[in-house]
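Visitor: Here it is: the structure, laid out below.
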Amino acid sequence: MVLFSMISIIGLVKIPVRDESGTAAIKTVELDVALGGRGVQYREVQGNETEKFLSYFKPCIIPEEGGIASGFRHTEINEREHVTRLFVCRGKHTVHVKEVPFARSSLNHDDIFILDTKSKIFQFNGSNSSIQERAKALEVVQYLKDTNHEGKCDVAAVEDGKLMADADAGEFWGLFGGFAPLPRKTFSEPNGKDTAFPPKLLWVNKGQTVSVDYEVLTKALLDSTKCYLLDCGSEIYVWMGRETALEDRKQAGLAAEELLREGDRPKSHIIRLMEGFETVIFRSKFNKWPKKAEAVVSDESRGKVAG
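So, in structure tokens, the structure goes:
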């Protein structure tokens, strides 16, 4: 867990156990209360992290298998046997790194791939990838070299379309059993963003959600003694009135988790915020949010304390 002066970000594993995700939601609220209730809390899911979350980790995050059972034991590089791994890199400003099966079928023309072998790291640049994406992927290559090889291994760039005549390309394709043209038609993963999802406001009453009818979404719909969910599709905002009890806030967080489960939306984000400390993006969802002398939380962090 990482804490920031105004923002706390909670990361969840790819497929969190229901009890664990619920406990994380409750403990997040308790921590927020202990810190004065001013933090904005973001629920992040492995494989679908926001650019904001990834920007705090340079140059990238590469998830490893394991958890509590692994004992968090420090392992020296020389103690473990190197396993060849293939990663796909996406992003021009922040990099999403995901391990994919070590197979030719994983490659495509749109993305950049990094093949980490025992003696050499290959960067395969898809023909449709941009210069910015290639530069960010190179940072990941350097990170893998320093982390997995103590800085002692060869690095090679392989351009999409170059055949066996190029030594590095020949070695790269040889690891896949030989060169074979990649299909021009690729099926990219959905980005998970909703292009037309009208915001839906829900009141949370004793853990149950009640739809709030409205013609225009305004701040006047929000009662300081209640908690609400604003469902925007790719993210759900949990708004907690300043006069609500701790138990009500916990129930609101659990209700948001349940809403995502019922809608089979495991990749959607949950953002929790207190009345008076709404983010600029949250306020923009409403029609003419009143301008008062309240604290405005920027959607960019200001300073951080990690722990």
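Here the sequence shown is numbered in this note's numbering, starting from 139 and rising by one per residue.
Every residue, glycine too, gets a C-beta built ideally from N, C-alpha and C.
1. Just mark K429 as buried or exposed, buried being the case when its beta carbon has 16 or more other beta carbons within 10 Å.
2. Under the rule that 16 or more other beta-carbon atoms within 10 Å means buried, what is S267, buried or exposed?
3. W311 lies in the alpha helix (DSSP H); which residues open and close that run?
4. Under a three-way DSSP split, which group does Q179 fall into?
5. Alpha helix (DSSP H) containing L192: first to last residue?
6. Check this for me: beta carbons of S257 and C291, under 8 Å apart or not?
7. Determine the DSSP secondary structure at T356, reduced to helix, strand or coil.
8. Could you check where the beta strand (DSSP E) with I252 kicks off and where it finishes?
9. Is the beta carbon of E413 less than 8 Å from the beta carbon of M378?
10. Is D249 buried or exposed, if buried means 16 or more other CB atoms sit within 10 Å of its CB?
11. In three-state DSSP terms, what is N425?
12. Who are the Cβ neighbours of G289 in its own chain at under 8 Å, not counting the five residues just before and after it?
13. Taking the CB atoms as reference points, tell me whether N263 and A305 lie closer together than 8 Å.
14. Would you mind working out which of N425, G312, A390 sits nearest L411, comparing C-alpha positions?
15. What whole-angstrom Cβ distance do R242 and F314 have, given they're in contact under 8 Å?
16. Quick check on the DSSP output: what are the complete alpha helix (DSSP H) runs of length 4 or more inside the segment 395-423, in order along the chain?
17. Between which two residues does the beta strand (DSSP E) carrying D292 extend?
18. I'd like the span of the alpha helix (DSSP H) that includes R272, first residue to last.
19. To the nearest angstrom, report how far apart Q270 and L392 are at their CA atoms.
20. Provide the residue span of the beta strand (DSSP E) that contains K236, from first to last.
21. For K258, does the three-state DSSP call read helix, strand or coil?
22. For A394, I'd like the list of residues in its chain whose CB is within less than 7 Å of its CB, leaving aside the five on either flank, ordered along the chain.
23. Pull up the distance between the alpha-carbon of F424 and that of L355, whole angstroms please.
Guide: According to the structure data:
1. Counting from 1 along the sequence shown, the entry for residue 429 is found at position 291. With fewer than 16 Cβ atoms within 10 Å of its Cβ, K429 is classed as exposed.
2. Reading the sequence shown from its first residue, position 129 is the one you call residue 267. With 16 or more Cβ atoms within 10 Å of its Cβ, S267 is classed as buried.
3. As a position in the sequence shown, residue 311 is number 173, starting the count at 1. Its alpha helix (DSSP H) spans residues 305-312.
4. Indexing the sequence shown from 1 puts residue 179 at position 41. Note: Q179 maps to strand in three-state DSSP.
5. Numbered from 1 along the sequence shown, position 54 holds the residue referred to as residue 192. Unbroken alpha helix (DSSP H) run through L192: 189-192.
6. For the purposes of this step, residue 257 is identified with residue 119 of the sequence shown, where counting begins at 1. For the purposes of this step, residue 291 is identified with residue 153 of the sequence shown, where counting begins at 1. A contact, by the Cβ cut-off of 8 Å.
7. In the sequence shown, residue 356 corresponds to position 218, counting from 1. Three-state DSSP puts T356 in coil, outside helix and strand.
8. For the purposes of this step, residue 252 is identified with residue 114 of the sequence shown, where counting begins at 1. From DSSP, the beta strand (DSSP E) with I252 extends over 250-254.
9. Position 275 of the sequence shown, counting from 1, holds the residue named residue 413. Position 240 of the sequence shown, counting from 1, holds the residue named residue 378. Contact: yes.
10. Residue mapping note: residue 249 aligns to position 111 of the sequence shown, counting from 1. Counting Cβ neighbours within 10 Å, D249 comes out buried, since at least 16 surround it.
11. What you label residue 425 is simply residue 287 of the sequence shown in a count that begins at 1. Three-state result, N425: coil.
12. As a working note, residue 289 is residue 151 in the sequence shown. Contacts found: K283.
13. Counted from its first residue, the sequence shown places residue 263 at position 125. Counted from its first residue, the sequence shown places residue 305 at position 167. In this structure, A305 does not lie closer than 8 Å to N263 by Cβ.
14. Taking the first residue of the sequence shown as 1, we reach residue 411 at position 273. When each option's Cα is compared against that of L411, the closest is A390.
15. On the sequence shown, position 104 is the one that residue 242 refers to. On the sequence shown, position 176 is the one that residue 314 refers to. At roughly 5 Å, the Cβ-Cβ gap stays under 8 Å, so R242 and F314 are in contact.
16. 418-422
17. Against the sequence shown, residue 292 aligns to sequence position 154. Per DSSP, D292 belongs to the beta strand (DSSP E) from 292-297.
18. Stepping through the sequence shown from its first residue, residue 272 is reached at position 134. Per DSSP, R272 belongs to the alpha helix (DSSP H) from 269-286.
19. Here residue 270 is taken as the residue at index 132 of the sequence shown, counted from 1. Here residue 392 is taken as the residue at index 254 of the sequence shown, counted from 1. About 40 Å.
20. Numbered from 1 along the sequence shown, position 98 holds the residue referred to as residue 236. From DSSP, the beta strand (DSSP E) with K236 extends over 234-238.
21. Against the sequence shown, residue 258 aligns to sequence position 120. Strand, per DSSP.
22. Numbered from its first residue, the sequence shown carries residue 394 at position 256. Excluding sequence neighbours, A394 sits near L367, I374, V376, I408.
23. Here residue 424 corresponds to residue number 286 of the sequence shown, with the count starting at 1. Here residue 355 corresponds to residue number 217 of the sequence shown, with the count starting at 1. The alpha-carbon atoms of F424 and L355 are separated by roughly 5 Å.
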